[in-house]
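J.:
Residue numbers (this note's numbering): 177 to 314.
This is the structure:
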């Protein structure tokens, strides 16, 4: 029996592609492009947490009156399909900029990075490093 090849990620220096930066309140701008891949990743992950679903996250980002700046960083496998994604929001509180999971403050306390079962160890940390690069936030 031959060993099945594990999906590989691009090198650490390669940009996380696709990566989208979008302001809230701009319906359809990044979410339409993300929907299919996000849903496939969500189902592959076997994730029971509805707060990480595309439906919940896109609805939160596009809700009327939202003021947060939204950033979604997604890392594909070299062979295609998403290995993981991290959805964040930045807001001002008491004069300080704060970065947190998208939807934080909605009452859900189980927000997290969404990872494929074959994603390599350390991918969540890699996505966070990519998201926190200064040029990612305008």
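Think of the CB as a built atom: it goes at the ideal place given N, C-alpha and C, for glycine as much as any other residue. Please read these numbers as outputs of a predicted model, since none were measured by experiment.
With 16 other CB atoms within 10 Å as the buried threshold, where does residue 252 fall?
T.: So residue 252 counts as buried.
J.: To the nearest whole angstrom, what separates the beta carbons of residue 265 and residue 246, a pair I think is in contact under 8 Å?
T.: Going by Cβ atoms, the distance from residue 265 to residue 246 rounds to 5 Å, so yes, they are a contact pair.
J.: Between residue 262 and the ligand ADP, is the CB less than 8 Å from at least one heavy atom?
T.: Among the ligands in the structure shown, none appear at all, so the ligand ADP cannot be discussed.
J.: Excluding sequence positions up to five away, which residues of its chain have a Cβ less than 7 Å from the Cβ of residue 233?
T.: Only 263, 278, 279 meet the Cβ criterion.
J.: Is the number of C-beta pairs between the stretch 281-297 and the stretch 210-230 that are closer than 8 Å three or more?
T.: The stretch 281-297 is in contact with the stretch 210-230.
J.: Going by beta carbon distance, what residues of the same chain come within less than 8 Å of residue 272, once the five residues before and after it are set aside?
T.: Taken in chain order, the list of residues that qualify is empty.
J.: What is the rounded straight-line gap between the Cα of residue 214 and the Cα of residue 270?
T.: Taking the straight line from one Cα to the other gives about 33 Å.
J.: With 16 as the cutoff for other CB atoms within 10 Å, does residue 303 come out buried or exposed?
T.: Buried: at least 16 other Cβ atoms inside 10 Å.
J.: Using a 10 Å radius around the Cβ and a threshold of 16 neighbouring Cβ atoms, would you call residue 281 buried or exposed?
T.: So residue 281 ends up on the exposed side.
J.: Exposed or buried, residue 244, counting other C-beta atoms within 10 Å across all chains shown (16 or more means buried)?
T.: Buried is the call here.
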